[in-house]
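To start, the structure itself, in structure tokens.
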Amino acid sequence: MTLHAIDLSVSRGGVAVLEGLNFSLSPGTALVLRGPNGSGKTTLLRTVAGLQPPLAGRVEGGGEEIAYAAHADGLKAMLSVSENLSFWASVFGTGDIVAALRAFDLEALSDRLAGTLSAGQKRRLGLARLMVTGRAIWVLDEPTVSLDAASVELFAAAVRTHLGQGGSALIATHIDLGLDTELLDVTPFRAVWRASDPDEAFL
Amino acid sequence: MASIWEYANPVKFIRTTDRLLPWLSAAAVVTLLVGLVWGFFFTPDDYRQGSTVKIIYLHVPAALMAINAWLMMLVASLIWIVRRHHVSALGARAAAPVGAVMTVIALVTGALWGQPMWGTWWEWDPRLTSFLILFLFYLGYMALWAAIEDDDTAADLTSILCLVGSVFAILSRYAVNFWNQGLHQGASVMRAGALAGDTEERVSNVFAVPLFVSMAGFALLFIALVFLRTQTEIRARRTRALMARERMG
Amino acid sequence: MIALLTRDLRLGVRAGGGFGLGLAFFLIVTVLVPFSIGPESALLARIAPGILWLGALLACLLSLDRILALDWEDGSLDLLATAPLPMEGIVSIKALAHWITTGLPLVLVAPALGVLLNLPGPGYLWVTASLLLGTPALSVIGTFGAALTVGIKRGGLLLSLLVLPLYVPTLIFGAEVARRGAAGLEVVTPLTMLAGITFGVIALLPFASAAVLRINLR
């Protein structure tokens, strides 16, 4: 399943932020997005994940194949680590959470309430969720925030395994994951004001 | 003259309404003055209700416009949902406070009328109660507009609220009818022409003609106010768009 | 879907889930009524059905902003939106979970609180029956309100302002069933209307709630 972005423009709060993006993501590869804060990486990822409609252009081959992870991990403080993970496993119709727990070194913590975890441990749990979705295309927004060096290595290994199994990943990050990835700097695609903007009629 | 959708362009809308507004406003003032002066000073007192009956020239047109304003918002919301014309959404937003004020006028004049007639300022009569509920819907609708920063999101959400609210307003109307049968006289105005033989309830022509003039006056006033307020909303929106552009550099 | 329901129920019952707050509120409102109205039992008996309905409605209102706001804050809602669940299903399950943790307990304690208000004999059956039939509508309509205000910080007051007018038909018919039942009158007509409203909103309103939620997630 190859993901294509075709002539994609994305907007935040009715204002175009990126435009004219073209890229493909084929199975077994990863694409890393670069760009300064506020350049529109998050907006682009939300659009690719289908959470918001593109301003122009289209995304093909995504849809039901995408697993999305953002700044917030969607964890419930009053559920244990394994309960949190099992919930997402059954939502996505997969059963096995052991492999995901092992990959992110969470086995010892599996009975702890998620609310008692440290920020880095929560992050690892949030990333472990990706593995139980059973989905091919990972769309990740700053996945390594609050991870220490060892955890980053765990994450990189998980991504490597995922790619090895024919998956793919679209990652916005500033850290070198030590993966053989392509880079896409979004800065040149920054939108300029023009007639196609949604507020054009008001100017 | 291609189609009505041309006026969905804000610039074209402002240009057209700018030309219409002076005439509309003048027509509204003249019609209202004629209707109200005629009604208040040149109609006989009712044999039963005395001069109190004259409040009808404010009460009925205001009540009519209170409902029509909501209907206009409903149509404008549908147009926004289907065709996404910004002027339509802003028109709905502009009509809401006008409709709310009309509802208040209908409620207050109703209370003033009810006091000598029913011997009480407020009666939980189905019609009065329905208008009170309608007023609550207006409040909620305006509060939602005010609470959301992004204009398009606000337009989307308030449109859906308007649709859902309309269904619940009708449900409430039936519920309230069921709940209390009421003292209010029936909608006697419209039957005036249709049933000339009807004796007791019908509003005779002496009262009906100035009443219709007042209704026309209120309708013109409503249209003029909505045009004016829509212009304001468009300009406010333009300011926000320009400021957003500024920020983008 | 089942997983989402189980999770929400589990969260509702665990500490900090707010379970029981609504019940406590219902109890307090019912206790405060005689303090403000006076202890005359004939008067209390007359207003008991209406007070129980109003108390249940307000207790229900109290917990509406928890339906979606918590999932919005921790990002679960974004993740659920990208999961293989239809948004209509998500909002329906959320409403169901809210009813099981809030509405159903209110229905169950209403007869006990009826004793405090000197509710007449036949009233117990009809207050319980009307609440059982009407509270699901309160949860579904409340979920619509919660979806409208989910993106607004401190939207609780706005949520009440939006939802209360929508509660009018349910309250009127529900309380009418309770009132007539307590007085030993015929209840079929309002009961049918109440059932119509409840099933109508369960069938149709999730579509509006889902549409609203999608807009807010954009």
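Protein chains in written order, with the working numbering: chain A, 1 to 203; chain B, 1 to 249; chain C, 1 to 218. Glycine included, every Cβ here is placed at the ideal spot set by N, Cα and C.
Could you tell me which of the options sits nearest to residue i, measuring between CA atoms?
i, options, result
"A:V152", "A:T173, A:T133, A:G166, A:G134", "A:T173"
"B:G140", "B:T153, B:W121, B:D150, B:L161", "B:L161"
"C:P136", "C:Y167, C:W99, C:P120, C:V29", "C:W99"
"A:H71", "A:T144, A:D180, A:V192, A:D185", "A:T144"
"C:L161", "C:T170, C:L148, C:G20, C:I172", "C:L148"
"A:N84", "A:R102, A:D96, A:L125", "A:L125"
"A:L8", "A:F87, A:P27, A:Q52", "A:Q52"
"A:A30", "A:R102, A:P188, A:E182", "A:E182"
"C:R14", "A:L163, A:I137, A:M78, A:E60", "A:M78"
"A:S146", "A:V139, A:G178, A:G93, A:D73", "A:D73"
"B:E149", "B:T129, B:N177, B:A236, B:L171", "B:A236"
"C:T82", "A:V91, A:L21, A:E107, A:R160", "A:V91"
"B:T103", "B:G217, B:A76, B:L134, B:P126", "B:L134"
"A:A158", "A:V192, A:S118, A:L101", "A:L101"
"B:D156", "C:F199, C:G134, C:A210", "C:A210"
"A:G134", "A:S80, A:G95, A:T47", "A:G95"
"A:H4", "A:G62, A:V17, A:A150", "A:G62"
"B:V98", "B:L171, B:W70, B:V53", "B:W70"
"A:Q121", "A:S82, A:A136, A:F87", "A:S82"
"A:S24", "A:S11, A:M1, A:A16, A:G14", "A:M1"
"B:D151", "B:T31, B:V164, B:R93", "B:R93"
"B:F41", "B:P210, B:F178, B:W179", "B:P210"
"A:A149", "A:G178, A:V17, A:G93, A:G167", "A:G178"
"B:R19", "B:F227, B:T239, B:R245, B:L242", "B:F227"
"A:E60", "A:D180, A:D176, A:H162, A:I6", "A:I6"
"B:A111", "B:T239, B:Y138, B:F131", "B:F131"
Report, in whole angstroms, the separation of the C-beta atoms of residue i and residue j, which I expect to be a contact under 8 angstroms.
i, j, result
"C:A45", "C:N118", "4 angstroms"
"C:I152", "B:A27", "No, C:I152 and B:A27 are not in contact; Cβ-Cβ is about 41 angstroms, not under 8 angstroms."
"C:A146", "C:D65", "6 angstroms"
"B:S166", "B:A89", "Their Cβ separation, rounded to whole angstroms, is 16 angstroms, which puts B:S166 and B:A89 out of contact at 8 angstroms."
"C:A97", "C:L9", "6 angstroms"
"C:V187", "C:G181", "5 angstroms"
"A:A128", "A:A103", "7 angstroms"
"B:V23", "B:V213", "Looking at the sequence shown, residue 23 of chain B is not Val but Trp. About 18 angstroms; that fails the 8 angstroms criterion."
"C:T101", "C:G12", "4 angstroms"
"A:P27", "A:G166", "5 angstroms"
"C:L21", "C:L85", "C:L21 to C:L85, Cβ: 28 angstroms. No contact."
"B:A143", "C:L166", "Not a contact, Cβ separation roughly 14 angstroms."
Next on the checklist: Taking contact to mean 3 or more Cβ pairs, one atom from each stretch, closer than 8 angstroms, check whether the stretch 18-25 of chain C and the stretch 82-95 of chain C are in contact.
Outcome noted: no
Item to check | Short-range partners of chain A found in the stretch 75-102 of chain C, where Cβ spacing is below 9 angstroms | outcome: G75, S76, L77, D78, L79, L80, A81, T82, A83, P84, L85
Item to check | Completely contained alpha helix (DSSP H) runs for the stretch 24-90 of chain A, where each covers 4 or more residues | outcome: 41-48
Next on the checklist: Closer than 8 angstroms is the cut-off here; do at least three beta carbon pairs connect the stretch 47-60 of chain C with the stretch 187-197 of chain C?
Outcome noted: The way I'd put it, the stretch 47-60 of chain C doesn't touch the stretch 187-197 of chain C; fewer than three beta-carbon pairs between them come closer than 8 angstroms.
Next on the checklist: Within 8 angstroms, do at least three Cβ pairs link the stretch 107-125 of chain A to the stretch 26-42 of chain A?
Outcome noted: no
Item to check | Length at least 4, wholly inside the stretch 129-203 of chain C: the alpha helix (DSSP H) runs in chain order | outcome: 156-182
Checklist entry - What residues from the stretch 123-148 of chain A come within 9 angstroms of chain B, judged by C-beta to C-beta, listed N to C? => result none
Checklist entry - What are the uninterrupted segments assigned as alpha helix (DSSP H) that are 4 or more residues long and contained completely in the stretch 145-180 of chain B, given in chain order? => result 151-179
Checklist entry - Which ranges would you report for the alpha helix (DSSP H) in the stretch 41-108 of chain B if only whole runs of at least 4 residues count? => result 56-83
Checklist entry - With a cut-off of 8 angstroms, do at least 3 Cβ pairs link the stretch 64-73 of chain B to the stretch 216-227 of chain B? => result yes
Checklist entry - Going along the stretch 6-17 of chain A in order, which residues come within less than 7 angstroms of chain C, judged by CB to CB distance? => result none
Next on the checklist: Output needed in chain order: residues of the stretch 89-120 of chain A with a Cβ under 8 angstroms from some Cβ in chain C.
Outcome noted: Residues passing the 8 angstroms Cβ filter: S90, V91, F92, G93.
Item to check | the stretch 30-63 of chain C: positions lying closer than 9 angstroms to chain A by Cβ | outcome: none
Next on the checklist: Taking beta-carbon pairs under 8 angstroms, can you tell me which members of the stretch 119-148 of chain B lie near chain C?
Outcome noted: Going along the stretch 119-148 of chain B in chain order, one finds I133, L136, F137, L139, G140, A143, L144, A147, I148 with a Cβ nearer than 8 angstroms to chain C.
Checklist entry - Should the stretch 79-92 of chain B be regarded as contacting the stretch 112-121 of chain B, the criterion being three or more beta carbon pairs within less than 8 angstroms? => result no
Next on the checklist: Does the structure place the stretch 175-190 of chain A close enough to the stretch 51-69 of chain A that three or more beta carbon pairs sit under 8 angstroms?
Outcome noted: With the cut-off at 8 angstroms, the stretch 51-69 of chain A and the stretch 175-190 of chain A do not touch.
Checklist entry - If contact means a Cβ-Cβ distance below 7 angstroms, which residues of the stretch 150-165 of chain B contact chain A? => result Of all residues in the stretch 150-165 of chain B, only D150, D151, D152 come within less than 7 angstroms of chain A when Cβ atoms are compared, listed by chain position.
Checklist entry - Just by C-beta distance, which residues in the stretch 168-193 of chain C are closer than 8 angstroms to chain B? => result V168, P169, I172, F173, E176, T189, P190, M193
Checklist entry - Does the count of Cβ pairs from the stretch 164-173 of chain A and the stretch 126-143 of chain A closer than 8 angstroms reach three? => result The answer is yes - the stretch 126-143 of chain A touches the stretch 164-173 of chain A, with three or more Cβ pairs under 8 angstroms.
Checklist entry - Any contact of the stretch 225-232 of chain B with the stretch 7-23 of chain B, i.e. 3+ C-beta pairs under 8 angstroms? => result Under the Cβ criterion (8 angstroms, minimum of three pairs), the stretch 225-232 of chain B counts as touching the stretch 7-23 of chain B.
Next on the checklist: Would you call the stretch 100-117 of chain C in contact with the stretch 126-145 of chain C, where contact means no fewer than 3 C-beta pairs closer than 8 angstroms?
Outcome noted: yes
Item to check | Interface residues of the stretch 46-68 of chain A facing chain C [CB-CB below 7 angstroms] | outcome: A49, G50, L51, Q52, E64, I66, Y68
Item to check | Positions along the stretch 67-96 of chain B whose CB lies within less than 8 angstroms of some CB in chain D | outcome: Among the protein chains of the structure shown, namely A, B and C, there is no chain D.
Next on the checklist: Please list, in chain order, the residues of the stretch 68-80 of chain A that have any C-beta partner in chain C closer than 9 angstroms.
Outcome noted: Going along the stretch 68-80 of chain A in chain order, one finds Y68, A69, A70, H71, A72, D73, G74, L75, K76, A77, M78, L79 with a Cβ nearer than 9 angstroms to chain C.
Next on the checklist: Against chain A, which members of the stretch 135-153 of chain C pass a CB distance test of less than 7 angstroms?
Outcome noted: Residues passing the 7 angstroms Cβ filter: none.
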